[in-house]
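Colleague: Shown below is the structure under consideration.
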Amino acid sequence: MNLHPVPAFPTLRPRRLRQSAALRRLVGETHLNAAQLVLPLFVRGGRKLRRPINAMPGVFQLSPDEMLREATRAQALGVPAVLLFGIPNRKDNQASGAYASNGIVQQAVRLLKRELPQLLVITDVCLCEYMAHGHCGIVQHGKAGARILNDPTLKLLARAAVSHAEAGADIVAPSDMMDGRVAAIRQALDRAGFSDTPIMSYAAKFASAYYGPFREAAESTPQFGDRRSYQMDAGNANEALREVALDLQEGADMVMVKPALAYLDILHRVKTTFGYPTAAYAVSAEYSMVKAAAARGWIDERAVTLESLLAMRRAGADIIITYAAADAAKWLGE
Ligand code: PBG
Ligand code: ZN
1 MNLHPVPAFP
11 TLRPRRLRQS
21 AALRRLVGET
31 HLNAAQLVLP
41 LFVRGGRKLR
51 RPINAMPGVF
61 QLSPDEMLRE
71 ATRAQALGVP
81 AVLLFGIPNR
91 KDNQASGAYA
101 SNGIVQQAVR
111 LLKRELPQLL
121 VITDVCLCEY
131 MAHGHCGIVQ
141 HGKAGARILN
151 DPTLKLLARA
161 AVSHAEAGAD
171 IVAPSDMMDG
181 RVAAIRQALD
191 RAGFSDTPIM
201 SYAAKFASAY
211 YGPFREAAES
221 TPQFGDRRSY
231 QMDAGNANEA
241 LREVALDLQE
251 GADMVMVKPA
261 LAYLDILHRV
271 KTTFGYPTAA
281 YAVSAEYSMV
291 KAAAARGWID
301 ERAVTLESLL
311 AMRRAGADII
321 ITYAAADAAK
331 WLGE
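Positions 1 to 334 (my numbering) are the ones given, in order, by the sequence shown.
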């Protein structure tokens, strides 16, 4: 009988598994799905209002009716969640609009939960959009300049989170980077009867130039100084893990790393170290850069966007917050 000779060594050919699209999908390690995406939305008072953001083509400040349209479209494409930011009519030094029961975000939440009950509504909990000075906390002016006060700020953040939960928010997401805010918010939610409302904390949030276009969208540019006394230095990875550990100890249900693409190492370490549901926030300038290069015909917007989102998944993101959520969901469904 004539048997095939058995090779002394198996031939090492990784390309065997790359021969067809079906085979590549079968052995694919990482999957990107619309169900993992969150769409940020900027809402302000008014009707039929769609104010474009200069550096973010396709992103608008929306009046509640237009916000509902965007949310409806995103949900129809398979996006399960939105993240709401509010732009109030008036700002002050106590961020009153952040916790007003009829504030813009509170109104938007009620509208979304009434019209699209299946859509998850996440609210950004911060004060910067509501403060005249644009900082994420209460400011004290002294001889040595301005300071952002930590503990007095916690009370306002907790009030904001409770007001969002009262309006019907499914998840609250504190983005201020004050120490102890997750514990303060958890305690306030529990006391107000919202012990089932999860907290997604912006746990490792870096002081980043990638937030530039967002500050135009949210009208939250600090009027003096910067955010370096509360957001993290770009070079610090161990500190990021400590920040995440603290937020988890304080009761965070999910944690976030922000920005995303330039911080994939942090994302990976956070996911492998703690194993909690982990979100990546692909921030405004990440979106702007892709849009700008694509508009010049220098890159393929769709391919670059999907590759970047897949890279965030590979690094460890369970959830990705991106301004391209609706587009990506559409592309993934094609
Ligand atoms: C404010 C906040 C910022 C972002 C989300 N929440 C900006 C900042 O810290 O200045 C950034 C989002 C983006 O750039 O897309 N607390
Ligand atoms: Zn803020």
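Glycine included, C-beta positions come from ideal geometry on N, C-alpha and C.
Buried or exposed for Phe224, going by 16 or more other Cβ atoms inside 10 Å?
Modeller: Taking the sequence shown and counting its residues from 1, the one referred to as residue 224 is at position 224. So Phe224 counts as exposed.
Colleague: Quick one: using the 10 Å Cβ neighbour count with 16 as the cut-off for buried, is Leu83 buried or exposed?
Modeller: For this step, residue 83 is matched to residue 83 along the sequence shown. Label assigned to Leu83: buried.
Colleague: Go to Phe85, then tell me how far its alpha helix (DSSP H) extends in each direction, as first and last residue.
Modeller: Within the sequence shown, residue 85 is the residue found at index 85, counting from 1. Taken as a continuous stretch (DSSP letters only), Phe85 belongs to no alpha helix (DSSP H), being part of the beta strand (DSSP E) at 81 to 87.
Colleague: Quick check: does the Cβ of Ser284 come within less than 7 Å of any heavy atom belonging to the ligand PBG?
Modeller: What you label residue 284 is simply residue 284 of the sequence shown in a count that begins at 1. At least one heavy atom of the ligand PBG is nearer than 7 Å to the Cβ of Ser284, so yes.
Colleague: Would you identify the three-state DSSP class for Leu49, choosing helix, strand or coil?
Modeller: What you label residue 49 is simply residue 49 of the sequence shown in a count that begins at 1. Coil at Leu49, not helix or strand.
Colleague: State yes or no: is the C-beta of Arg227 within less than 8 Å of the C-beta of Cys126?
Modeller: Here the question's residue 227 lines up with position 227 in the sequence shown. Here the question's residue 126 lines up with position 126 in the sequence shown. No. Outside cutoff.
Colleague: Looking only at its own chain, which residues have a Cβ that is under 6 Å from the Cβ of Ala240, when we skip the five neighbours before and after it?
Modeller: Position 240 of the sequence shown holds residue 240. The residues are Ala204, Ile266.
Colleague: Quick one: grab the DSSP three-state call for Leu23.
Modeller: As a working mapping, residue 23 is identified with position 23 in the sequence shown. Helix, per DSSP.
Colleague: Quick one: residues in its chain with C-beta nearer than 7 Å to the C-beta of Leu116, no 5 flanking neighbours on either side, listed in chain order?
Modeller: Stepping through the sequence shown from its first residue, residue 116 is reached at position 116. Ala71, Thr72, Gln75, listed in sequence order.
Colleague: In three-state terms, what does DSSP make of Gln249?
Modeller: Translated into the one-based positions of the sequence shown, residue 249 becomes position 249. Here Gln249 sits in helix by DSSP.
Colleague: Ala294 and Glu301 look like a contact to me (Cβ under 8 Å); what is the Cβ gap, rounded to whole Å?
Modeller: Locating residue 294 in the sequence shown gives position 294, counting from the first residue. Locating residue 301 in the sequence shown gives position 301, counting from the first residue. About 4 Å separates the two Cβ atoms, so the contact holds.
Colleague: Buried or exposed: Thr272, going by 16 or more other Cβ atoms within 10 Å of its Cβ?
Modeller: Counted from its first residue, the sequence shown places residue 272 at position 272. Looking at its Cβ environment, which holds fewer than 16 other Cβ atoms inside 10 Å, Thr272 is exposed.
Colleague: Rounded to whole angstroms, what is the Cα-Cα separation between Ile138 and Gln94?
Modeller: If you number the sequence shown from 1, residue 138 lands on position 138. If you number the sequence shown from 1, residue 94 lands on position 94. Between Ile138 and Gln94, the C-alpha separation is close to 7 Å.
Colleague: Quick test of your reading: Ala98 and Tyr130, contact by CB under 8 Å. State the CB separation rounded to the nearest angstrom.
Modeller: On the sequence shown, residue 98 is found 98 positions in, with the first residue counted as 1. On the sequence shown, residue 130 is found 130 positions in, with the first residue counted as 1. With 8 Å as the limit, Ala98 and Tyr130 qualify as a contact, their Cβ atoms being about 4 Å apart.
Colleague: What is the residue span of the alpha helix (DSSP H) that Gly316 lies within?
Modeller: The count along the sequence shown starts at 1 and reaches residue 316 at position 316. Taken as a continuous stretch (DSSP letters only), Gly316 belongs to no alpha helix (DSSP H), as it is neither H nor E.
Colleague: At what residue ranges does the region 223 to 267 contain a whole run of the beta strand (DSSP E), taking only runs of 3 or more?
Modeller: The region 223 to 267 contains these whole beta strand (DSSP E) runs: 254 to 258.
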